[in-house]
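**Q** Got a structure for you, written out below as structure tokens; questions coming shortly.
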Ligand code: B12
């Protein structure tokens, strides 16, 4: 993607200008840029700067909210494009997906959901701040192949462990593969809590989901 448009996209999030973000995303698509490249090279770097400024105390909660608004406006344009590019015919499997209890971060989870459905998975998105019991009940009800758990806070990633333990207690742990992700989540955390898979981003999530269904 052109460096100029790339930095304009990032800057629109940093400046808290959702309308500009929407406009630049539209321009980027019109100029033939790939939606995934727009996310990876334009929007994500901007979001990361916003996150860093928030950590350092330069930005406050309203700045995060307005940046998220910009990202979501951009995603409204990008989601249909992502879906249109990768249509699979047969179903690759069923994924129950959600952000864990106490955590309302939605954007990354939804991007993972979009990429999974664009690649042929049936995705049941339970949303954000999802109670542990709801994950367990949905897995039982649907017989899903995969449970995808998103957590963006160091304080809520521990809920991923709680959910895995709840699956054991409900007697369904061996019926579903658990895939975890979110900014603070690492492979070693995934191993520690005995998750079956971990991915750093949405494309990685598709690869891991494919492997988990095949095994
Ligand atoms: C936007 C944002 C918000 C928005 C969310 C809006 C929304 N509708 O989603 C709002 C303003 C609500 C928010 C609130 C808060 N936030 Co906030 N937020 C962010 C921010 C800036 C960007 C997150 C984002 O959307 N990134 C873009 C997406 C595309 O990336 P992603 O979420 O990482 O997802 C990718 C991967 O992680 C992965 N992935 C994600 N989920 C899954 C799931 C699976 C199964 C897999 C395989 C992969 C996967 O794939 C995704 C796509 O590539 C981050 C900073 C950052 N750099 O992450 C802080 C951040 C996550 N927030 C933070 C904090 C502290 C908070 C608050 C506690 C602030 C407060 N004082 O109230 C609250 C918590 C509210 C709550 N209870 O959840 C901290 C967390 C620190 C920590 N380590 O615990 C961060 C890191 C900012 C910081 N640097 O301090 N936030």
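In this note's numbering, the protein residues as written are 35 to 249. Where a beta carbon is used, it is the ideal one built from N, C-alpha and C, also for glycine. Bear in mind that the values here come from a model prediction, so they are computed numbers and not experimental data.
(1) Taking the straight line between their C-alpha atoms, what separation do you get for residue 187 and residue 39?
(2) Could you have a look at residue 35 and say whether DSSP puts it in helix, strand or coil?
(3) Can you confirm whether the region 204-211 touches the region 149-158 when touching is taken to mean that 3 or more C-beta pairs between the two stretches lie within less than 8 Å?
(4) Look at residue 190 and residue 235 and say whether their C-beta atoms are less than 8 Å apart.
(5) Who are the near neighbours of residue 216 in its chain, counting only those whose CB is closer than 7 Å to its CB and skipping five residues on each side?
(6) Going by DSSP, what residues sit across from residue 231 in a beta bridge?
(7) Measure the beta-carbon distance from residue 224 to residue 232 and round it to whole angstroms, keeping in mind my assumption that it falls under 8 Å.
(8) Measuring only the C-alpha atoms, how far is residue 35 from residue 72?
(9) Note down the Cα distance separating residue 62 from residue 237, rounded to an integer number of angstroms.
(10) Can you give me the C-alpha to C-alpha distance between residue 220 and residue 226, rounded to a whole angstrom?
(11) Using a 10 Å radius around the Cβ and a threshold of 16 neighbouring Cβ atoms, would you call residue 116 buried or exposed?
(12) For residue 81, which of 51, 128 and 247 has the nearest alpha-carbon?
(13) Can you tell which of 132, 240 and 178 has the C-alpha that lies nearest to the C-alpha of residue 164?
(14) Out of 228, 105, 209 and 194, which one is the CA nearest neighbour of residue 218?
(15) Expressed to the nearest angstrom, what Euclidean distance is found between the alpha-carbon atoms of residue 53 and residue 134?
(16) Assuming residue 133 is part of the beta strand (DSSP E), what are its boundary residues?
(17) So, using beta-carbon positions, are residue 200 and residue 176 closer together than 8 Å?
(18) For residue 247 versus residue 126, is the C-beta distance shorter than 8 Å?
(19) Closer than 6 Å by C-beta to residue 145: which residues in its own chain qualify, once you throw out the five before and the five after it? Chain order, please.
(20) Per DSSP, residue 156 is paired with what?
(21) What whole-angstrom Cβ distance do residue 181 and residue 101 have, given they're in contact under 8 Å?
**A** This is what the structure gives:
(1) The residue given as residue 187 occupies position 153 in the chain shown. The residue given as residue 39 occupies position 5 in the chain shown. Approximately 31 Å, taken between the alpha carbons.
(2) Within the chain shown, the letter at position 1 stands for residue 35. Interpretation of residue 35 is limited by its pLDDT of 47, a score under 50 that renders its predicted location unreliable; the figure taken from the coordinates is listed afterwards. Here residue 35 sits in coil by DSSP.
(3) no
(4) As a working mapping, residue 190 is identified with position 156 in the chain shown. As a working mapping, residue 235 is identified with position 201 in the chain shown. Not a contact, by the Cβ cut-off of 8 Å.
(5) Working through the chain shown from its first residue, we reach residue 216 at position 182. The residues are 142, 184, 185, 186 and 191.
(6) Taking the chain shown and counting its residues from 1, the one referred to as residue 231 is at position 197. Beta-bridge pairing links residue 231 to 213.
(7) Residue 224 sits at position 190 when you count from the first residue of the chain shown. Residue 232 sits at position 198 when you count from the first residue of the chain shown. Correct: roughly 4 Å between the Cβ atoms.
(8) The residue you call residue 35 lines up with position 1 of the chain shown. The residue you call residue 72 lines up with position 38 of the chain shown. Summary for residue 35: the model assigns pLDDT 47, below 50, so the residue's position carries little reliability, and this model does not support an answer.
(9) Residue mapping note: residue 62 aligns to position 28 of the chain shown, counting from 1. Residue mapping note: residue 237 aligns to position 203 of the chain shown, counting from 1. Distance between the alpha carbons of residue 62 and residue 237 is about 20 Å.
(10) What you label residue 220 is simply residue 186 of the chain shown in a count that begins at 1. What you label residue 226 is simply residue 192 of the chain shown in a count that begins at 1. Rounded to whole angstroms, residue 220 to residue 226 spans 10 Å at the Cα level.
(11) Locating residue 116 in the chain shown gives position 82, counting from the first residue. Flag for residue 116 reads buried.
(12) Within the chain shown, residue 81 is the residue found at index 47, counting from 1. Here the closest residue by C-alpha is 51.
(13) Your numbering for residue 164 matches position 130 in the chain shown. For the residues 132, 240 and 178, the minimum Cα distance to residue 164 belongs to 132.
(14) Looking up residue 218 in the chain shown gives position 184. The option with the nearest alpha carbon to residue 218 is 194.
(15) On the chain shown, residue 53 is found 19 positions in, with the first residue counted as 1. On the chain shown, residue 134 is found 100 positions in, with the first residue counted as 1. Answer to the nearest angstrom: the Cα atoms are 30 Å apart.
(16) Numbered from its first residue, the chain shown carries residue 133 at position 99. Start and end: 127-133.
(17) The sequence position of residue 200 within the chain shown is 166, counting from 1. The sequence position of residue 176 within the chain shown is 142, counting from 1. Cβ atoms of residue 200 and residue 176: not closer than 8 Å.
(18) Within the chain shown, the letter at position 213 stands for residue 247. Within the chain shown, the letter at position 92 stands for residue 126. Against a cut-off of 8 Å, the Cβ pair of residue 126 and residue 247 comes out as a contact.
(19) Residue numbering aside, residue 145 sits at position 111 when the chain shown is read from its first letter. The residues are 236.
(20) Position 122 of the chain shown, counting from 1, holds the residue named residue 156. Answer is 128.
(21) Mapped onto the chain shown, residue 181 falls at position 147. Mapped onto the chain shown, residue 101 falls at position 67. So it is not a contact: roughly 29 Å between Cβ atoms.
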